[in-house]
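Peer 1: Structure in structure tokens, see below.
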Amino acid sequence: MGKGKPLELVIGKKFKLEVWEAVLQKMAVGEVAEFTVHKDLVLQYPFVAKTLRDVDLPPEKRMVHHCSMNIQAGGIGYDDLNQLIKYPEDLIFIMELVRIEQPENYEKEVWQMDEEERMKRIPELKEKGNEEYKKKNYGLASDLYAQAIGILEQFMLKEKPNDTEWLEFNNQKNVILLNYAQCKLILEDYYAVIQHCSTVLKHDPDNVKALFRRAKGFVGAWDPQAARDDFNRVMELDTSLASVVKRELEVLDEMIRNKNVQDMQKLKNLFI
64 MGKGKPLELV
74 IGKKFKLEVW
84 EAVLQKMAVG
94 EVAEFTVHKD
104 LVLQYPFVAK
114 TLRDVDLPPE
124 KRMVHHCSMN
134 IQAGGIGYDD
144 LNQLIKYPED
154 LIFIMELVRI
164 EQPENYEKEV
174 WQMDEEERMK
184 RIPELKEKGN
194 EEYKKKNYGL
204 ASDLYAQAIG
214 ILEQFMLKEK
224 PNDTEWLEFN
234 NQKNVILLNY
244 AQCKLILEDY
254 YAVIQHCSTV
264 LKHDPDNVKA
274 LFRRAKGFVG
284 AWDPQAARDD
294 FNRVMELDTS
304 LASVVKRELE
314 VLDEMIRNKN
324 VQDMQKLKNL
334 FI
């Protein structure tokens, strides 16, 4: 499932909304039908809907929860679904059965996989992301990295923060998060770069790649002092990058001079 794609449902795999399986099995290919379902049969709908809505969200827009108390306090990130959790009601579904595929011809979506399958999928997604990056398909590469990050975040939710297993997943996530941030940097999504590099630096404050990419993000978002601080820290941590960083600082200084000239010109125009 994704933007513009139909939902793919594997029959007999204990999908949380069993009623969907039941109604689809009564339909013919190409048929469109409307079903009204009693509220007791769709109590899991808000959580299923959240999962499906979150599939294509980039990491910076996902809302994750570590316990039921968080859900009670802040909901699951969607007002309409939060309302359904508090006040369940009968739901109407309009469905179209687009096609039926036999098991041997079907490729699972990530959300349909078991834990072992999802674990194997992480390096596959990372490698595919690397391949698309080399082809300069930065948008597609970032989507693939985001999927891998999403799987890792789901595994992390099952572990206690900062325990051994959680840290192992987090280390894997940070590596892919830096790849994702690099794609976002090229795509000029500077605030996403700053956010994700800061996430990495929270757990690894001397990560040179994160500092350098965040510095570039600060330049793009025009926070020159923050950029300068990160660039200087990179030189402190890795002297072999001194010449590269100095060039970046020279570019930044030139940008500041140009910005000052532009600002002065704007002030002059106010009094003409």
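When the letters of the sequence shown are read in order and numbered with the numbering used here, they come out as residues 64 to 335. Idealized CB from N, CA, C, for every residue including glycine.
(1) Residues in the same chain with beta-carbon distance under 6 Å from Phe156, minus the five sequence neighbours each way, listed in chain order, please.
(2) Hey, Ala211 and Leu188: beta-carbon distance below 8 Å or not?
(3) Curious, which full-length beta strand (DSSP E) runs of at least 3 residues does the region 149 to 229 contain?
(4) Can you check whether the CB of Lys197 is closer than 8 Å to the CB of Leu207?
(5) Buried or exposed: Gln328, going by 16 or more other Cβ atoms within 10 Å of its Cβ?
(6) Out of Val314, Val271, Glu216, point me to the one whose CA is closest to Thr302's CA.
(7) Compare the beta carbon distance of Phe294 and Ala273 with 8 Å and say whether it is the shorter of the two.
(8) For Leu98, which beta-bridge partners are listed by DSSP?
(9) Indicate the three-state DSSP secondary structure (helix, strand or coil) for Val307 in the structure shown.
(10) If we ignore side chains and look at the alpha-carbon of each, how far apart do Asn225 and Met219 end up?
(11) Rank Gln258, Lys236, Leu115, Leu80 by C-alpha distance to the C-alpha of Gly350 and give the top, closest one.
(12) Looking at the structure shown, is Cys130 part of a helix, part of a strand, or coil, going by DSSP?
(13) Which same chain residues end up closer than 7 Å to Thr262 when comparing Cβ atoms and leaving out the 5 residues on each side of it in sequence?
(14) To the nearest angstrom, how far is the alpha carbon of Met132 from that of Leu315?
(15) Would you mind stating whether Leu235 and Val73 have Cβ atoms separated by less than 8 Å?
(16) Classify His129: buried if its beta carbon has 16 or more other beta carbons within 10 angstroms, exposed otherwise.
(17) Tell me whether Ala204 is buried or exposed, calling it buried when 16 or more other Cβ atoms sit within 10 Å of its Cβ.
(18) What is the C-beta distance between Glu159 and Val95, in whole angstroms, given that I count them as a contact (C-beta under 8 Å)?
Peer 2: Per the coordinate set shown:
(1) Phe98
(2) yes
(3) 154 to 159
(4) no
(5) exposed
(6) Val271
(7) no
(8) Looking at the sequence itself, residue 98 is Phe, so the reference to Leu does not match. The partner list for Phe98 (beta bridge, DSSP) reads Phe156.
(9) helix
(10) 10 Å
(11) No answer is possible for residue 350: it lies beyond the span of the chain, which begins at 64 and ends at 335.
(12) Low confidence applies to Cys130: its pLDDT is 47, below 50, so where it sits in the model is not reliable, and the reading given next is rough at best. It is coil, neither helix nor strand.
(13) Leu240
(14) Residue confidence is low: Met132 scores 46 on pLDDT, short of 50, so the model does not pin down where it sits. Its coordinate-derived value is still stated next. Straight-line Cα distance between these residues: approximately 46 Å.
(15) First, the amino acid is wrong: residue 235 is Gln here, not Leu. Cβ atoms of Gln235 and Val73: not closer than 8 Å.
(16) With a pLDDT of 46 at His129, under the threshold of 50, the modelled position of that residue is not reliable, and the figure given next carries that caveat. So His129 ends up on the exposed side.
(17) buried
(18) 5 Å
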